[in-house]
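Notes for the one structure printed next.
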Amino acid sequence: MFVTPEGKEIFVLDGHTHFWDGSPENHRNVHGKQFIDCFYGYHMALSPASEQWDKARFEKMTADAYYRDMFADGMVDMAIVQSTALRDFYHKGFNPIERNWELKARHGDRLIINGSFDPREGEKAYEAIHQQIEDYGVKGFKLYTAEWNGDSRGYKVSDEASHRCFELCEKLGVKNFHLHKGPTIIPLSLDAFDVRDVDVAATDFPNLNFVVEHCGLPRLDEFCWIAVQEANVYGGIAVALPFIHSRPRYFGEVMAELLFWLGPDRIFFGSDYAIWTPKWLIEKFMAYEIPEDIAAERGVQLTMEIKEKILGRNAAALYGVDIEAMKARLANDPVAVAVAAE
Amino acid sequence: MTCESAQAPAAGAASPPRRRAAGETVRETEVWRALDAVTDPELDEPLTEMGFIEAVEVDAAGGVTVRFRLPTYWCSPNFAFLMAEGIREAVAGLGWPASIAVRLEDHLCAAEMNAAVDAGRSFAEALAEFGQTEAGGGGAADLAEVREKFERKAFEKRQEAVLLGLRARGFTPADLAAMTLGQLDLAAFDAPEAAKQAPRYRSLLVSRGLARAPGDHAFPDPDGAPLTVEGYAARMSALRAVRINMEFGGALCRGLRENRYREAAAPAKGCGGEPTLADFIEGRVPLPVGAR
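Heads up: the protein sequence lines correspond to chains F and R, in order.
So the first sequence is residues 58 to 399, counted in the working numbering.
So the second sequence is residues 2 to 293, counted in the working numbering.
Written as structure tokens, this is what we have:
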């Protein structure tokens with residue numbers, strides 16, 4: 058819970074967090090190292106100096122640290138943990154749902170654990186969808202279209218194989234899909250982070266919701282263009298948000314574009330923890346104003362009401378979280394006690 | 002990284018002249034100046050300003066070696082190849098170099114590219130080879146396509162800076178829609194970014210054949226359609242979107258580069274015998290068998 062200087066309580070739902078094991082013991086090959094090194098590069102490049110971690114702490118996340126950084130220090134009320142298998146890079150996967158579930162056992166109400174599947178695997182993907190819904194009760198899936206699988210270096214959510222998975226999910230009542238569409242790692246000719254395939258999926262499945270994580274950056278214009286056409290496309294601001302520290306004016310330009318094209322109801326806060334920690338992001342976001350000339354150009358403002366929507370209300374609506382009921386339940390959750398006992 | 006170091010250069014400090022290093026020869030200085038004209042295609046920023054050029058050496062016979070390094074081991078090979086080609090062309094443009102060697106360091110395609118240079122093959126051939134072994138793609142046609150795509154973006158980014166600079170000087174959208182190349186050549190700018198971009202904009206305007214004679218429109222779009230008063234707001238909106246996308250890459254690259262150099266410069270920490278990122282980047286870690 059973030060409390061403003063005026064005493065207003067802001068419910069925070071972090072829409073994009075991870076619980077990974079990128080430690081050397083888990084590397085299947087050099088790509089496992091490259092991948093976590095890339096994350097660490099982003100962490101060091103955009104975090105304020107005081108929030109930078111050493112490599113070992115960054116490589117393998119612990120449940121204690123997650124709890125502290127999110128709920129005790131981080132002012133986060135609820136968080137979505139996204140699953141990513143990356144089994145071609147890591148022996149036990151990077152942050153598969155079995156690992157993420159360890160957190161759920163500990164922090165119950167505060168967490169929404171999303172599953173993952175790979176449409177390229179056909180029957181195995183259908184099984185994975187069934188299994189995660191039945192065993193874990195997942196309400197959403199994270200799709201990583203740039204993930205490697207054998208000889209394949211990526212897929213599109215407009216593919217026939219993806220289409221069939223979406224049909225199955227819709228039938229089983231799971232509606233929320235988070236797609237990583239952001240900065241690339243090793244792009245060659247085929248760029249699997251391209252955002253345009255979302256347009257096709259969103260049109261074909263008007264009852265499903267597609268949260269484009271990282272707003273397609275560096276293809277913000279293409280993302281906005283698609284989101285204007287498709288009312289079921291949302292933007293997660295993880296990766297864009299940390300620029301609030303190193304390049305605040307630039308962050309203002311991105312926010313102005315998003316508010317102008319998408320409006321205030323389809324933008325989601327996400328820390329991308331542990332690439333960045335939520336505390337400083339939330340504090341800076343709450344204190345932030347879009348520079349006057351940029352705001353005037355687009356005729357938008359980042360008001361308190363809009364900040365509240367972005368930080369929690371929008372994602373809560375998508376996941377059917379009753380904020381008032383949740384606040385009442387969490388009021389009894391002994392965050393501070395648990396931390397003091399550590 | 003320090004908080005403001007990744008910001009665009011402050012007013013008046015568009016490009017601080019590089020100090021001549023101790024012992025640097027006149028010819029080496031000439032090479033450095035020529036390299037100021039080579040840009041990162043994705044960012045449209047000079048390699049020298051991004052800090053990508055590691056070293057310039059000129060031997061007694063007039064042979065030039067340029068070493069460059071990118072912010073990460075995994076930066077796009079396409080762009081690495083385009084930059085290498087740009088470096089070779091810029092140095093060749095000096096006329097006097099007897100031979101030119103371009104060396105990419107600490108990058109996933111460094112071996113392929115440097116071998117191609119040594120064998121006198123084109124970068125496009127090297128990329129095709131790299132593409133075949135690595136991802137089933139790449140090659141000369143793709144490279145040309147990438148170059149064209151990003152040159153269009155560079156053109157748009159430069160055009161926006163010039164238009165904003167002229168607006169700040171009091172020109173109306175109607176003035177700008179009517180402006181010719183001849184009039185643009187006479188324009189003065191207050192904004193440092195506009196002053197820096199004006200000659201760079203003009204150079205692409207001419208090289209892409211979008212304006213040649215003094216009476217030609219100064220602000221066509223990349224396909225040649227002239228700017229109109231009615232279309233002004235839409236054009237500016239489109240140009241802003243291009244800049245926002247390019248700046249994202251630029252800011253990320255500057256941050257990653259600073260971080261990489263900081264780690265690489267630090268003595269190997271050796272976390273419990275584990276190699277550090279610096280060790281990995283420096284190639285001190287043998288690759289596991291079967292992993293590329």
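Ideal placement from N, C-alpha and C gives every residue a C-beta, glycine not left out.
Given the structure is predicted, the values throughout are model-derived calculations rather than measurements.
Endpoints, the beta strand (DSSP E) within which residue i is located
| i | result |
| --- | --- |
| Ala-136 of chain F | 135-138 |
| Lys-112 of chain F | Careful: Lys-112 of chain F lies outside any beta strand (DSSP E), inside the alpha helix (DSSP H) at 112-116. |
| Thr-74 of chain F | 70-74 |
| Ala-56 of chain R | 54-59 |
| His-235 of chain F | 233-237 |
| Lys-199 of chain F | 197-200 |
| Thr-30 of chain R | Element bounds for Thr-30 of chain R: not the beta strand (DSSP E) but the alpha helix (DSSP H), 27-36. |
| Phe-69 of chain R | 64-70 |
| Leu-205 of chain R | From DSSP, Leu-205 of chain R is part of no beta strand (DSSP E) but of the alpha helix (DSSP H) over 193-208. |
| Leu-168 of chain F | 168-170 |
Endpoints, the alpha helix (DSSP H) within which residue i is located
| i | result |
| --- | --- |
| Ala-102 of chain R | It is not in any alpha helix (DSSP H) - Ala-102 of chain R instead sits in the beta strand (DSSP E) that spans 100-106. |
| Asp-186 of chain R | 182-187 |
| Phe-92 of chain F | 87-103 |
| Arg-156 of chain F | 154-164 |
| Glu-191 of chain F | 180-193 |
| Gly-87 of chain R | 78-93 |
| Lys-384 of chain F | 380-387 |
| Leu-265 of chain F | Where Leu-265 of chain F is concerned, there is no enclosing alpha helix (DSSP H), given that its DSSP letter is neither H nor E. |
| Leu-177 of chain R | 174-179 |
| Glu-113 of chain R | 111-119 |
| Met-51 of chain R | 48-51 |
| Ser-219 of chain F | 217-228 |
| Tyr-124 of chain F | 120-124 |
| Val-456 of chain F | Because chain F is modelled from 58 through 399, residue 456 of chain F falls outside the range shown and cannot be assessed. |
Neighbouring residues, chain R, relative to residue i (Cβ below 7 Å)
| i | result |
| --- | --- |
| Met-101 of chain F | Asn-260 |
| Glu-310 of chain F | Ile-245 |
Close Cβ partners of residue i (< 7 Å) along its chain, the five nearest in sequence each way excluded
| i | result |
| --- | --- |
| Thr-141 of chain F | Phe-151, Asn-152, Ser-173, Lys-199 and Tyr-201 |
| Glu-108 of chain F | Thr-334 and Trp-337 |
| Glu-224 of chain F | none |
| Gly-251 of chain R | Leu-44 and Glu-46 |
| Glu-279 of chain F | Val-252, Arg-253 and Gly-273 |
| Gly-225 of chain R | Leu-211 |
| Phe-76 of chain F | Met-118, Tyr-123, Val-138, Asn-152, Arg-156, Asn-157 and Leu-160 |
Same chain, Cβ closer than 6 Å to residue i, neighbours up to 5 away in sequence not counted
| i | result |
| --- | --- |
| Met-127 of chain F | Val-133 and Ala-136 |
| Asn-83 of chain F | Tyr-147, His-148 and Lys-149 |
| Leu-316 of chain F | Val-357 |
| Asp-256 of chain F | Ile-283 |
| Glu-381 of chain F | none |
| Ala-331 of chain F | Met-118 |
| Phe-262 of chain F | Phe-223 |
| Pro-221 of chain R | Leu-211 and Pro-227 |
| Gly-131 of chain F | Pro-335 and Lys-336 |
Cut-off 8 Å between Cβ atoms - residues of its own chain near residue i, not counting five sequence neighbours on either side
| i | result |
| --- | --- |
| Phe-308 of chain F | Ala-297, Leu-298, Phe-300, Ile-301 and Tyr-345 |
| Thr-61 of chain F | Ile-67, Met-343 and Met-361 |
| Met-101 of chain F | Gln-109 |
| Arg-209 of chain R | Glu-152, Phe-156 and Pro-223 |
| Asp-191 of chain R | Gly-166, Ala-169 and Arg-170 |
| Ala-385 of chain F | none |
Contacts that residue i makes with chain F (C-beta to C-beta distance below 8 Å)
| i | result |
| --- | --- |
| Ala-242 of chain R | Leu-277, Asp-278, Cys-281 and Glu-314 |
| Ala-252 of chain R | Phe-300, Ser-303, Arg-304 and Tyr-307 |
| Tyr-74 of chain R | Gln-91 and Asp-94 |
Within chain F, partners of residue i - CB distance below 7 Å
| i | result |
| --- | --- |
| Glu-248 of chain R | Tyr-307 |
Partners in chain F for residue i, counting only beta-carbon separations shorter than 9 Å
| i | result |
| --- | --- |
| Gly-256 of chain R | Gly-98, Tyr-99, Met-101, Ala-102, Leu-103 and Ser-303 |
Contact test: residue i Cβ vs the ligand COA heavy atom, cutoff 8 Å
| i | result |
| --- | --- |
| Glu-178 of chain F | By its list of ligands, the structure shown contains no ligand whatsoever, and the ligand COA lies outside what it can speak to. |
### Query
When Cβ atoms are compared, which residues of the region 272-283 of chain F fall closer than 8 Å to chain R?
Those residues of the region 272-283 of chain F placed with their C-beta closer than 8 Å to a C-beta in chain R are Leu-274, Pro-275, Arg-276, Leu-277, Asp-278 and Cys-281, ordered along the chain.
### Query
In chain order, which alpha helix (DSSP H) runs of at least 4 residues are fully inside the region 295-372 of chain F?
Runs of the alpha helix (DSSP H) inside the region 295-372 of chain F: 300-303, 305-319, 335-344, 349-355 and 361-365.
### Query
In chain order, which continuous runs of the alpha helix (DSSP H) of length 4 or greater are located wholly inside the region 268-299 of chain F?
The qualifying runs are 277-286.
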